[in-house]
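Undergrad: Submitted below is the structure of interest, expressed as structure tokens.
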Amino acid sequence: MAHKFPSDEWVKAVRELLNSSDSYQRSAKDWEGDFIFVVEPDEVYADTAYLHLELYHGSSPGAAMVDPDNLPETEYAINAPFSTWRKVIDGKLDPIQGMMTGQLKLKGNLMKIMRYPKAAQEIVACCAKVPTD
Amino acid sequence: MWHFVSPRIVFGEASLSSLEEISMSRALVVTDKNLVQIGLVEPVLDRIKKSGCEVLVFDDVEPDPTLAAVELGKKAANDFQPDWIIGLGGGSPMDTAKAIWVLYERPDLIPAEINPFIHLGLREKSRLITIPTTSGTGAEITWAIVLTDSENKRKMGLGNRENAADIALVDPALASGMPPQLTADTGLDALTHAVEGFICTWHTDITDGLCLNAAREILQYLPTAYEASQSDNPTKEHFQLAREKMHNAATSAGMGFGNAMASLAHAMGHVLGSVFHIPHGRAVGLCLPYTIEFASRGEDPSQINTLARILGIKGSKTKIGGEFSAALRDLAKTVENPISLAEMGLDKKTYTEQLEKMVDDAFNDTQIITAPRAPSYQELEKLFQYVYDGQPVDF
Numbered sequence: 186m187a188h189k190f191p192s193d194e195w196v197k198a199v200r201e202l203l204n205s206s207d208s209y210q211r212s213a214k215d216w217e218g219d220f221i222f223v224v225e226p227d228e229v230y231a232d233t234a235y236l237h238l239e240l241y242h243g244s245s246p247g248a249a250m251v252d253p254d255n256l257p258e259t260e261y262a263i264n265a266p267f268s269t270w271r272k273v274i275d276g277k278l279d280p281i282q283g284m285m286t287g288q289l290k291l292k293g294n295l296m297k298i299m300r301y302p303k304a305a306q307e308i309v310a311c312c313a314k315v316p317t318d
Numbered sequence: 010m011w012h013f014v015s016p017r018i019v020f021g022e023a024s025l026s027s028l029e030e031i032s033m034s035r036a037l038v039v040t041d042k043n044l045v046q047i048g049l050v051e052p053v054l055d056r057i058k059k060s061g062c063e064v065l066v067f068d069d070v071e072p073d074p075t076l077a078a079v080e081l082g083k084k085a086a087n088d089f090q091p092d093w094i095i096g097l098g099g100g101s102p103m104d105t106a107k108a109i110w111v112l113y114e115r116p117d118l119i120p121a122e123i124n125p126f127i128h129l130g131l132r133e134k135s136r137l138i139t140i141p142t143t144s145g146t147g148a149e150i151t152w153a154i155v156l157t158d159s160e161n162k163r164k165m166g167l168g169n170r171e172n173a174a175d176i177a178l179v180d181p182a183l184a185s186g187m188p189p190q191l192t193a194d195t196g197l198d199a200l201t202h203a204v205e206g207f208i209c210t211w212h213t214d215i216t217d218g219l220c221l222n223a224a225r226e227i228l229q230y231l232p233t234a235y236e237a238s239q240s241d242n243p244t245k246e247h248f249q250l251a252r253e254k255m256h257n258a259a260t261s262a263g264m265g266f267g268n269a270m271a272s273l274a275h276a277m278g279h280v281l282g283s284v285f286h287i288p289h290g291r292a293v294g295l296c297l298p299y300t301i302e303f304a305s306r307g308e309d310p311s312q313i314n315t316l317a318r319i320l321g322i323k324g325s326k327t328k329i330g331g332e333f334s335a336a337l338r339d340l341a342k343t344v345e346n347p348i349s350l351a352e353m354g355l356d357k358k359t360y361t362e363q364l365e366k367m368v369d370d371a372f373n374d375t376q377i378i379t380a381p382r383a384p385s386y387q388e389l390e391k392l393f394q395y396v397y398d399g400q401p402v403d404f
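These protein sequences, in sequence, are chains A and B. Each residue of the first sequence is one higher than the last, beginning at 186 in the working numbering. Each residue of the second sequence is one higher than the last, beginning at 10 in the working numbering.
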């Protein structure tokens, strides 16, 4: 079944895929730090959505679309307009290239992310694997 | 959207003399003791001093430069307050010069913080000139900085577009005396840049031509440049031509892959360098035929096939990747470089003991993300084993 992006079901489906990925478990075995993906409005999407992905030692303990008034504190946040996120999910934009060109805006400890390229790649691969409307 | 970054390049015979035209008052020359000893630093200093510029030589750079060397250089820069920093040598001095420059301008940073996502605001205190004395690394062009974290035996891939040099002086005379082994290693390094810059997933229309031409020139001229390095009469015209072609090809490959990316052979080669101290060019050149074979057996080998065809490699769609790898191994043999780690005499037991760490480290190398065929953990472990045994990739 295809999930709407962005939605609670979609980010939970990403979590499930991460938790069943051996490659993610190994590549992120030391990783600690949750993410908030902020989907910003543009000409095709009118709202702002916040997707929270918990990540701890090679697994994802939780994932949810969260209320803007109740945002959890996370180590990382990535902001981009809806259409840019769709390009990432559809494999048309490499997220690291997106960050290097400012299309995706990352807040958080960059040094740490640069040490885990494989884990970052696995997260994107799992996002791309979720059947998306 | 993407960017193409390059210094102003002064190249060809006597390009070193253009140093005399640059207005400098205090120049910090970052190099190594070997280059001082063999007399390659002196002609640079002579030209800088002609304009009355004060010069400090920092020659504490060693192969596989460490964070400690960068810290020492930063201190030298802070004490001397240069308005130009000059990286002179192979990749190690040039990368060290880039790191020293960033930390001199931005004392609030540590080396590990030099990444492509931040604004550095360089060029407030000084600017950077790079002068290669080998024909291989492309470090004169690229904004990448490779340092070694000696504590964790790991290469750190750092850099930011801003820290590309202002001027690259690419004078073939400086590389014309390279000994055979260095000629071979650096030539294969340049070839790996050209090939991986063309086949990586970040290749672009702008970088493809540079990589392609560099690959063609290196395949044609590396054997002659190697012959020149062994000759009693290296000044013969065809030897000099080969040296100059190799020098320019290395810079072109640097512009190509530096604005695209490298790929799996670099991720694996960095690990071999940091764990077993295999020189960078030898390590990546050794891995390249295996990673090409592996990628050519993937879902979409079209970019590899295109490159192979343009380079004149014959073979059907399914065989051409293997033929390309065979040609790369033939070139390595021509320049008397090993085609397996066993041939280099590396102890198999030690190698096997390090395998798990090597696979993890290669997966944490930034160059792996642009591999045209992404390996699994199992496949990468197998690739490392095949590189040891010299077995053509069959999976």
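C-beta atoms are modelled at their ideal positions from N, C-alpha and C, and glycine is treated no differently.
1. Taking 8 Å as the CB-CB cut-off, is B:Glu80 touching chain A?
2. Identify, in the order they occur along the chain, each residue of the same chain with its Cβ nearer than 8 Å to the Cβ of A:Trp216, setting aside the five sequence neighbours on each side.
3. Can you round the beta-carbon distance between B:Pro310 and B:Gln239 to whole angstroms, since I take them to be within the 8 Å contact cut?
4. Taking the alpha-carbon of B:Gly130 as reference, which of B:Arg115, B:Ser261, B:Ala121 has the nearest alpha-carbon?
5. Quick check on DSSP: helix, strand or coil for B:Pro189?
6. DSSP three-state label for B:Asn172, please.
7. Thinking B:Phe303 and B:Val402 are a contact (beta carbons under 8 Å), I'd like their distance in whole angstroms, please.
8. Could you tell me which residues DSSP pairs with A:Ser244 in its beta bridges?
9. Going by DSSP in three states, B:Glu29 sits in which element: helix, strand or coil?
10. Just to confirm, are B:Leu167 and B:Asn124 a CB contact at a threshold of 8 Å?
11. If you draw a straight line from the alpha carbon of B:Phe14 to that of B:Ser101, how long is it in whole angstroms?
12. I believe B:Thr260 touches B:Gly331 by the beta-carbon criterion, under 8 Å. Please report the beta-carbon distance rounded to the nearest angstrom.
13. Identify, in the order they occur along the chain, each residue of the same chain with its Cβ nearer than 6 Å to the Cβ of B:Asn172, setting aside the five sequence neighbours on each side.
14. May I ask you to verify whether the stretch 191 to 198 of chain B touches the stretch 293 to 301 of chain B, counting CB pairs closer than 8 Å and requiring at least 3?
15. Say whether chain B places a C-beta atom closer than 8 Å to the C-beta of A:Asp227.
16. Excluding the 5 residues flanking B:Leu364 on each side, which residues of the same chain have their C-beta closer than 8 Å to its C-beta?
17. Looking only at its chain, what residues have a beta carbon closer than 6 Å to the beta carbon of B:Val19, apart from the 5 residues adjacent to it on each side?
18. Give the interface partners of A:Pro302 over in chain B, defined as CB-CB distance under 8 Å, in chain order.
19. For B:Met353, which residues of its own chain have a beta-carbon under 7 Å away from its beta-carbon, when the five flanking residues on both sides are left out?
20. Quick one, which of B:Thr315, B:Ile301, B:Lys357, B:Phe372 has its alpha-carbon nearest B:Leu337's?
21. Is the Cβ of A:Ser205 closer than 8 Å to any Cβ of chain B?
22. Report yes if the C-beta of B:Asn257 is less than 7 Å from at least one heavy atom of the ligand FAD; otherwise report no.
23. Tell me, please, whether the CB atom of A:Arg271 is closer than 8 Å to any CB atom in chain B?
24. Looking at the secondary structure, which residues open and close the beta strand (DSSP E) in which B:Ala182 lies?
25. Since A:Gln288 and A:Thr269 are thought to touch, with beta carbons under 8 Å apart, how far apart are those beta carbons, to the nearest angstrom?
26. Name the DSSP beta bridge partners of A:Leu291, please?
27. Drop a sphere of 10 angstroms on the beta-carbon of B:Arg132, count the other beta-carbons inside from all chains shown, and report buried for 16 or more, exposed for fewer.
28. When we look at the beta-carbon of B:Arg382 and count the other beta-carbons within 10 Å, is it buried (16 or more) or exposed?
29. Measuring only between beta-carbons, confirm whether A:Thr259 sits less than 8 Å from chain B.
30. In whole angstroms, what is the alpha-carbon distance linking A:Ile221 and A:Asp252?
31. Starting from the beta carbon of B:Pro125, find every residue of chain A whose beta carbon is closer than 7 Å, and list them in chain order.
32. Please state the DSSP three-state secondary structure of B:Phe266.
33. Quick check on this structure: which residue in B:Trp211, B:Glu226, B:Lys59 has the alpha carbon closest to the alpha carbon of B:Gly321?
34. So which residues of chain A does B:Met10 contact, with C-beta pairs closer than 8 Å?
35. Give the residues of chain B in contact with A:Arg200, contact being defined as C-beta atoms less than 9 Å apart.
36. So if I threshold CB-CB distances at 9 Å, which residues from the stretch 382 to 398 of chain B count as touching chain A?
TA: Taking the structure as given:
1. To locate residue 80 of chain B, count along the second sequence from 1; it is residue 71. Judged by the 8 Å Cβ criterion, B:Glu80 is not in contact with chain A.
2. On the first sequence, residue 216 of chain A is found 31 positions in, with the first residue counted as 1. Cβ within range, chain order: Leu240, Tyr241, His242, Gly243, Tyr301, Ala304.
3. Numbered from its first residue, the second sequence carries residue 310 of chain B at position 301. Numbered from its first residue, the second sequence carries residue 239 of chain B at position 230. At roughly 36 Å, the Cβ-Cβ gap does not stay under 8 Å, so B:Pro310 and B:Gln239 are not in contact.
4. Counting from 1 along the second sequence, the entry for residue 130 of chain B is found at position 121. The option with the nearest alpha carbon to B:Gly130 is B:Arg115.
5. For the purposes of this step, residue 189 of chain B is taken as residue 180 along the second sequence, with counting starting at 1. Helix at B:Pro189.
6. For the purposes of this step, residue 172 of chain B is taken as residue 163 along the second sequence, with counting starting at 1. Helix.
7. Taking the second sequence and counting its residues from 1, the one referred to as residue 303 of chain B is at position 294. Taking the second sequence and counting its residues from 1, the one referred to as residue 402 of chain B is at position 393. Contact holds; Cβ gap of about 5 Å.
8. Within the first sequence, residue 244 of chain A is the residue found at index 59, counting from 1. Beta-bridge pairing links A:Ser244 to A:Tyr241.
9. Residue numbering aside, residue 29 of chain B sits at position 20 when the second sequence is read from its first letter. It is helical.
10. By 1-based counting over the second sequence, the position of residue 167 of chain B is 158. By 1-based counting over the second sequence, the position of residue 124 of chain B is 115. It is a contact, given that the beta carbons lie within the stated cut-off.
11. The count along the second sequence starts at 1 and reaches residue 14 of chain B at position 5. The count along the second sequence starts at 1 and reaches residue 101 of chain B at position 92. Correcting the residue identity first, residue 14 of chain B is Val in this sequence and not Phe. Their Cα atoms are separated by approximately 21 Å.
12. Position 251 of the second sequence, counted from the start, is the residue given in the question as residue 260 of chain B. Position 322 of the second sequence, counted from the start, is the residue given in the question as residue 331 of chain B. Their Cβ separation, rounded to whole angstroms, is 30 Å, which puts B:Thr260 and B:Gly331 out of contact at 8 Å.
13. Here residue 172 of chain B refers to the residue found at position 163 when the second sequence is read from its first residue. These residues qualify, in order along the chain: Lys107, Val111, Trp152.
14. yes
15. Looking up residue 227 of chain A in the first sequence gives position 42. Chain B contact via Cβ: absent.
16. Numbered from its first residue, the second sequence carries residue 364 of chain B at position 355. Cβ neighbours of B:Leu364 beyond the five flanking positions: Glu390, Phe393, Gln394.
17. In the second sequence, residue 19 of chain B corresponds to position 10, counting from 1. Contacts found: Ser27, Leu178.
18. Reading the first sequence from its first residue, position 117 is the one you call residue 302 of chain A. Within 8 Å Cβ-Cβ: Phe372, Asn373, Asp374, Thr375, Ile377, Ile378.
19. As a first step, residue 353 of chain B is located in the second sequence; it is residue number 344 there, counting from the start. Excluding sequence neighbours, B:Met353 sits near Pro347.
20. Position 328 of the second sequence holds residue 337 of chain B. When each option's Cα is compared against that of B:Leu337, the closest is B:Ile301.
21. Numbered from its first residue, the first sequence carries residue 205 of chain A at position 20. False, the Cβ-Cβ gap to chain B never drops below 8 Å.
22. With respect to small molecules bound, the structure shown includes none, and the ligand FAD cannot be examined in it.
23. The count along the first sequence starts at 1 and reaches residue 271 of chain A at position 86. Judged by the 8 Å Cβ criterion, A:Arg271 is not in contact with chain B.
24. Here the question's residue 182 of chain B lines up with position 173 in the second sequence. Here B:Ala182 belongs to no beta strand (DSSP E), and DSSP marks it neither H nor E.
25. Translated into the one-based positions of the first sequence, residue 288 of chain A becomes position 103. Translated into the one-based positions of the first sequence, residue 269 of chain A becomes position 84. Their Cβ separation, rounded to whole angstroms, is 5 Å, which keeps A:Gln288 and A:Thr269 in contact under 8 Å.
26. In the first sequence, the residue the question calls residue 291 of chain A occupies position 106. A:Leu291 pairs with A:Ile263.
27. Start at 1 with the first residue of the second sequence, and residue 132 of chain B comes out as number 123. Exposed, by the Cβ-count rule.
28. Taking the second sequence and counting its residues from 1, one reaches residue 382 of chain B at position 373. So B:Arg382 counts as buried.
29. Taking the first sequence and counting its residues from 1, one reaches residue 259 of chain A at position 74. Not one chain B Cβ lies under 8 Å of A:Thr259.
30. Here the question's residue 221 of chain A lines up with position 36 in the first sequence. Here the question's residue 252 of chain A lines up with position 67 in the first sequence. Approximately 12 Å, taken between the alpha carbons.
31. Your numbering for residue 125 of chain B matches position 116 in the second sequence. In chain order: Met285.
32. Numbered from its first residue, the second sequence carries residue 266 of chain B at position 257. Helix.
33. As a first step, residue 321 of chain B must be located in the second sequence, where it is residue number 312. Residue B:Glu226 is the option with its Cα nearest to B:Gly321.
34. Here residue 10 of chain B is taken as the residue at index 1 of the second sequence, counted from 1. Under the 8 Å cutoff, chain A gives Thr286, Gln288.
35. Your numbering for residue 200 of chain A matches position 15 in the first sequence. Here the premise fails: no neighbours, minimum Cβ distance about 21 Å.
36. Ala383, Ser385, Tyr386
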